[in-house]
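When the sequence shown is numbered by the working numbering, its final residue is 550 and no position is left out of the sequence of numbers. Don't be surprised by glycine CBs; every beta carbon is placed ideally from N, CA and C. The next block holds one structure in the form of structure tokens; read it before the comments.
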Amino acid sequence: MKLHRLPALLPLLASSLSAGSLLWAASAQAATEPADDAADAQSRCSDLKEVELPDVVIQRVKWVQRGGLAQDPNSAFTGASGQTLQAEEHCVVRGEIEPRTGADGRHYGTQFELRLPARWNHKFLFQGGGGTNGFVADALGRIPTRGSSAQPALLRGYAVVSMDGGHQGRDTLFGKDQQARLDLAYASTGKVATAARQLIQAMYHSTPKRSYFMGCSNGGREAMMAAMRYPLQFDGVVAGNPGFRLSRAAIAQSWDNQQFLKAAPVNEQGERIFANALTQKDMDAVVAGVLERCDALDGLKDGLVNAWERCDFKPRMVEKDIGKEKVALLEAVFGGARTSKGEPLYASWPWDAGINSGNWRGWKLGDSQTATPNARNIVLGAMSLPHYFMTPYQAEFDTFKVNFDTILPLTLQTGALNDAVATDLTTFKARGGKMIIFEGVSDPVFSANDLRDWYRQLQHDTPGTQDFARLFMVPGMTHCGEGNALDDFDPLTALENWAEKGEAPASIIAQGRAFPGKTQPLCPYPQVATYRGEGDENSAESFSCQ
Numbered sequence: 005m006k007l008h009r010l011p012a013l014l015p016l017l018a019s020s021l022s023a024g025s026l027l028w029a030a031s032a033q034a035a036t037e038p039a040d041d042a043a044d045a046q047s048r049c050s051d052l053k054e055v056e057l058p059d060v061v062i063q064r065v066k067w068v069q070r071g072g073l074a075q076d077p078n079s080a081f082t083g084a085s086g087q088t089l090q091a092e093e094h095c096v097v098r099g100e101i102e103p104r105t106g107a108d109g110r111h112y113g114t115q116f117e118l119r120l121p122a123r124w125n126h127k128f129l130f131q132g133g134g135g136t137n138g139f140v141a142d143a144l145g146r147i148p149t150r151g152s153s154a155q156p157a158l159l160r161g162y163a164v165v166s167m168d169g170g171h172q173g174r175d176t177l178f179g180k181d182q183q184a185r186l187d188l189a190y191a192s193t194g195k196v197a198t199a200a201r202q203l204i205q206a207m208y209h210s211t212p213k214r215s216y217f218m219g220c221s222n223g224g225r226e227a228m229m230a231a232m233r234y235p236l237q238f239d240g241v242v243a244g245n246p247g248f249r250l251s252r253a254a255i256a257q258s259w260d261n262q263q264f265l266k267a268a269p270v271n272e273q274g275e276r277i278f279a280n281a282l283t284q285k286d287m288d289a290v291v292a293g294v295l296e297r298c299d300a301l302d303g304l305k306d307g308l309v310n311a312w313e314r315c316d317f318k319p320r321m322v323e324k325d326i327g328k329e330k331v332a333l334l335e336a337v338f339g340g341a342r343t344s345k346g347e348p349l350y351a352s353w354p355w356d357a358g359i360n361s362g363n364w365r366g367w368k369l370g371d372s373q374t375a376t377p378n379a380r381n382i383v384l385g386a387m388s389l390p391h392y393f394m395t396p397y398q399a400e401f402d403t404f405k406v407n408f409d410t411i412l413p414l415t416l417q418t419g420a421l422n423d424a425v426a427t428d429l430t431t432f433k434a435r436g437g438k439m440i441i442f443e444g445v446s447d448p449v450f451s452a453n454d455l456r457d458w459y460r461q462l463q464h465d466t467p468g469t470q471d472f473a474r475l476f477m478v479p480g481m482t483h484c485g486e487g488n489a490l491d492d493f494d495p496l497t498a499l500e501n502w503a504e505k506g507e508a509p510a511s512i513i514a515q516g517r518a519f520p521g522k523t524q525p526l527c528p529y530p531q532v533a534t535y536r537g538e539g540d541e542n543s544a545e546s547f548s549c550q
């Protein structure tokens with residue numbers, strides 16, 4: 005059957021309606037065809053070129069044969085691993101929703117990619133973005149930790165969609181446009197989810213039986229926002245290292261930048277070398293101190309601080325190794341951004357074993373030995389504060405001159421749109437929604453303490469939190485993987501088992517290249533992976549969640 009046009013009514017129907025409600029002319033017979041019959045899948049893929057949806061432009065439709073997939077250059081932003089994939093045949097649809105000219109004269113619209121496998125498992129996954137978006141990553145549904153070896157969603161038979169958040173380009177100039185701010189904050193998620201479901205209906209003559217959202221960093225924030233702003237559309241979410249309170253974290257980046265610059269040593273040319281405010285030797289000494297003080301709190305000295313909340317390390321404990329000035333610097337940075345009166349603007353940061361790793365340094369300090377810093381907090385993060393989070397848009401800005409006594413009110417408007425801080429998830433919970441959140445304790449971008457505090461508030465405001473939302477802290481892990489950690493685990497399978505079989509995740513088994521041959525459970529907060537006192541120290545079976 006060749007599809008030329010969906011009836012005008014179809015795009016107006018809510019995307020959460022059942023398959024039986026989405027009937028259209030001459031589709032009754034097609035709806036009985038098995039979804040795993042791939043004989044005419046390529047033809048149905050080609051027919052998608054003719055589908056007409058309100059405010060949606062189908063830009064390209066192509067059929068991909070079975071074989072290897074090229075590396076996605078955007079995986080560094082989405083947190084996905086760069087593993088080579090062999091995919092089954094599938095359809096790829098590229099399109100744009102609501103193309104328009106913005107208030108600043110630039111082109112805007114939400115671009116997306118939808119991949120539809122020939123053999124569909126009747127599930128739909130929305131893949132989160134990263135940074136401030138502005139790109140369309142390959143819609144493969146990779147597990148969003150860089151160390152993951154788990155099978156991506158597309159290879160499991162999912163239909164997968166990705167998007168750019170409503171603007172093109174990784175700069176932050178889109179902050180000049182009102183709708184672009186709304187789209188990045190949350191609006192694009194609803195638009196893309198609706199369009200994707202309509203295209204899935206057109207391809208398979210059926211709607212998804214399960215719909216999930218999975219992402220890390222900003223994609224993790226988007227996942228949380230999916231549960232908060234669209235509680236009827238998703239059956240479950242995986243939110244990794246979520247930038248859920250980005251407006252405050254952006255302030256914290258400027259705080260760190262100022263602390264490090266003040267402490268940076270001067271070279272022979274009189275230039276401050278930002279990266280050398282804390283050397284690798286300094287941070288190695290700090291981590292050695294953390295491990296000496298806290299490693300054994302979980303019953304085993306193995307380089308992982310599972311009992312991270314009980315770690316009472318203080319920088320002064322290693323003063324003889326790093327000096328008094330750097331003790332003060334560490335106290336200022338890990339104590340969190342504050343006003344001149346000591347009022348907190350962002351959370352403090354935990355002491356952990358991954359803070360001497362390359363990914364932590366790359367975000368906080370960089371490695372530039374010139375007067376131009378290359379820390380990601382500056383290169384990637386600094387301009388998001390004045391361009392997006394501050395109202396009005398600030399064209400001129402210096403991250404090293406932020407006034408912390410006056411900055412907060414300027415961020416409240418966008419923060420109210422963008423920050424995924426809601427703790428009333430009663431609708432999401434009542435309809436059976438499940439949420440798995442994971443966070444690296446050594447995340448240099450978003451504080452693990454901040455996410456923990458949000459989760460505690462969720463437990464207070466939405467009774468029975470453990471029945472639908474569980475938080476897994478990953479000791480030693482930095483941002484979306486890496487660090488001195490076990491960063492290879494599979495939260496998507498855990499979510500599937502919970503949402504579809506009722507098997508709540510009592511733990512998630514993790515491994516990682518930083519500890520070859522070792523496995524250990526990740527435990528739902530506030531439980532801690534604890535060594536039983538006997539058995540193979542490198543086996544997850546020798547640990548329990550306590």
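For P377, write down the residues that DSSP places opposite it in a beta bridge. Taking the first residue of the sequence shown as 1, we reach residue 377 at position 373. Looking at the DSSP output, P377 sits in no beta bridge, so it has no partner there.
Neighbourhood of V445 by C-beta distance below 8 angstroms, restricted to the same chain and skipping five residues each side: Translated into positions along the sequence shown, residue 445 becomes position 441. Within the same chain, V445 has close Cβ partners V309, W312, P354, D356, G358, A452, M477, V478, P479, G480 and M481.
Same chain, Cβ closer than 7 angstroms to A544, five either side skipped, listed in chain order: Along the sequence shown, one-based indexing puts residue 544 at 540. Correct list, in chain order: I513, T523, Q524 and P525.
DSSP three-state assignment for P319, whether helix, strand or coil: Here residue 319 corresponds to residue number 315 of the sequence shown, with the count starting at 1. Here P319 sits in helix by DSSP.
Which of the three DSSP states is assigned to W67 in this structure? For the purposes of this step, residue 67 is taken as the residue at position 63 of the sequence shown. If DSSP states are grouped into helix, strand and coil, W67 belongs with the strands.
Sequence-distant residues of the same chain with beta carbon closer than 8 angstroms to L462, five excluded per side: Locating residue 462 in the sequence shown gives position 458, where the first residue counts as 1. T427, L429, T469 and A473.
Please specify which runs of the alpha helix (DSSP H), each continuous and at least 4 residues long, are wholly inside the stretch 486-526, giving them in chain order. Listed in chain order, they are 495-505.
Residues near S85 in its chain [Cβ-Cβ closer than 6 angstroms; skip 5 each side]: Here residue 85 refers to the residue found at position 81 when the sequence shown is read from its first residue. For S85, where only same-chain residues beyond five positions count, the Cβ hits under 6 angstroms are R150 and S152.
C-beta contact flag for W458 and A341 at 7 angstroms: By 1-based counting over the sequence shown, the position of residue 458 is 454. By 1-based counting over the sequence shown, the position of residue 341 is 337. Annotated as distal: W458 and A341, with beta-carbon spacing of 7 angstroms or more.
Can you tell me where the beta strand (DSSP E) holding I440 begins and where it ends? If you number the sequence shown from 1, residue 440 lands on position 436. Note, I440: beta strand (DSSP E), K438 to G444.
Anyone know if the C-beta pair for R214 and K324 falls short of 7 angstroms? Within the sequence shown, residue 214 is the residue found at index 210, counting from 1. Within the sequence shown, residue 324 is the residue found at index 320, counting from 1. No, they are not a contact pair.
Among W124, D168, H111 and P530, which one has its Cα closest to the Cα of A45? Your numbering for residue 45 matches position 41 in the sequence shown. If we check each option's Cα against that of A45, W124 comes out closest.
Quick one: what does DSSP say A386 is sitting in, helix, strand or coil? Along the sequence shown, read from residue 1 onward, the residue named residue 386 stands at position 382. Secondary structure of A386 (DSSP, three-state): coil.
Less than 7 angstroms between the C-beta atoms of C527 and C220, yes or no? Residue numbering aside, residue 527 sits at position 523 when the sequence shown is read from its first letter. Residue numbering aside, residue 220 sits at position 216 when the sequence shown is read from its first letter. In this structure, C527 sits away from C220, with a CB-CB distance that is not shorter than 7 angstroms.
So, helix, strand or coil for S352, using DSSP? Translated into positions along the sequence shown, residue 352 becomes position 348. In the structure shown, S352 adopts coil according to DSSP, grouped into three states.
State the Cα-Cα distance for the pair T176 and T136, rounded to the nearest angstrom. One-based indexing of the sequence shown puts residue 176 at position 172. One-based indexing of the sequence shown puts residue 136 at position 132. Looking at the two C-alpha atoms, the distance is approximately 7 angstroms.
Do Q212 and R225 have their C-beta atoms closer together than 7 angstroms? Position 208 of the sequence shown, counting from 1, holds the residue named residue 212. Position 221 of the sequence shown, counting from 1, holds the residue named residue 225. A small fix is needed here, since residue 212 is Pro in this sequence, not Gln. Going by C-beta atoms, P212 is not nearer than 7 angstroms to R225.
Relative to the C-alpha of L496, which residue among T374, F116, I441 and Y535 is closest? In the sequence shown, counting from the first residue as 1, residue 496 sits at position 492. Of the listed residues, the one whose Cα sits closest to L496 is I441.
Cβ shell of R320 (< 8 angstroms), same chain only, five flanking positions each side left out: Sequence index remark: in the sequence shown, residue 320 carries index 316 (1-based). Same-chain partners within the cutoff: V331.
Can we say the stretch 87-102 touches the stretch 223-242, given the rule of at least three CB pairs closer than 8 angstroms? These segments do not touch.
Compute the Euclidean distance between the alpha carbons of S25 and Q131, then round it to the nearest angstrom. Numbered from 1 along the sequence shown, position 21 holds the residue referred to as residue 25. Numbered from 1 along the sequence shown, position 127 holds the residue referred to as residue 131. Residue placement at S25 is flagged as unreliable, the pLDDT there being 34, under the threshold of 50; the coordinate-derived value follows with that caveat. Going by the C-alpha atoms only, they are around 26 angstroms apart.
Under the assumption that V241 contacts Y216 (Cβ atoms under 8 angstroms), give the Cβ distance between them as a whole number of angstroms. As a working mapping, residue 241 is identified with position 237 in the sequence shown. As a working mapping, residue 216 is identified with position 212 in the sequence shown. Yes, they are in contact, since the Cβ atoms of V241 and Y216 sit about 7 angstroms apart, within 8 angstroms.
Let me know the secondary structure DSSP gives F408 once reduced to three states. Walking along the sequence shown from the start, residue 408 turns up at place 404. The answer is coil: DSSP assigns F408 none of H, G, I, E or B.
Could you give the uninterrupted runs of the beta strand (DSSP E) lying entirely in the stretch 164-221, keeping only those of 3 residues or more? Qualifying beta strand (DSSP E) stretches, in chain order: 214-220.
R460 - DSSP class collapsed to helix/strand/coil: Along the sequence shown, one-based indexing puts residue 460 at 456. R460: helix per DSSP, three-state reduction.
Which residues share a DSSP beta bridge with T482? Taking the sequence shown and counting its residues from 1, the one referred to as residue 482 is at position 478. The partner list for T482 (beta bridge, DSSP) is empty, contrary to what the question assumes.
Taking only three categories from DSSP, how would you classify P530? Indexing the sequence shown from 1 puts residue 530 at position 526. Here P530 sits in coil by DSSP.
In this structure, does DSSP put A4 in helix, strand or coil? No statement about residue 4 is possible, as the shown extent of the chain runs from 5 to 550 and does not include it.
Please report the distance separating the alpha-carbon of V60 from that of G109. What you label residue 60 is simply residue 56 of the sequence shown in a count that begins at 1. What you label residue 109 is simply residue 105 of the sequence shown in a count that begins at 1. Roughly 21 angstroms separates the two Cα atoms.
Would DSSP call M477 helix, strand or coil? For the purposes of this step, residue 477 is taken as the residue at position 473 of the sequence shown. Three-state result, M477: strand.
What is the DSSP secondary structure of Q131, reduced to helix, strand or coil? As a first step, residue 131 is located in the sequence shown; it is residue number 127 there, counting from the start. Looking at Q131 - three-state DSSP - the assignment turns out to be strand.
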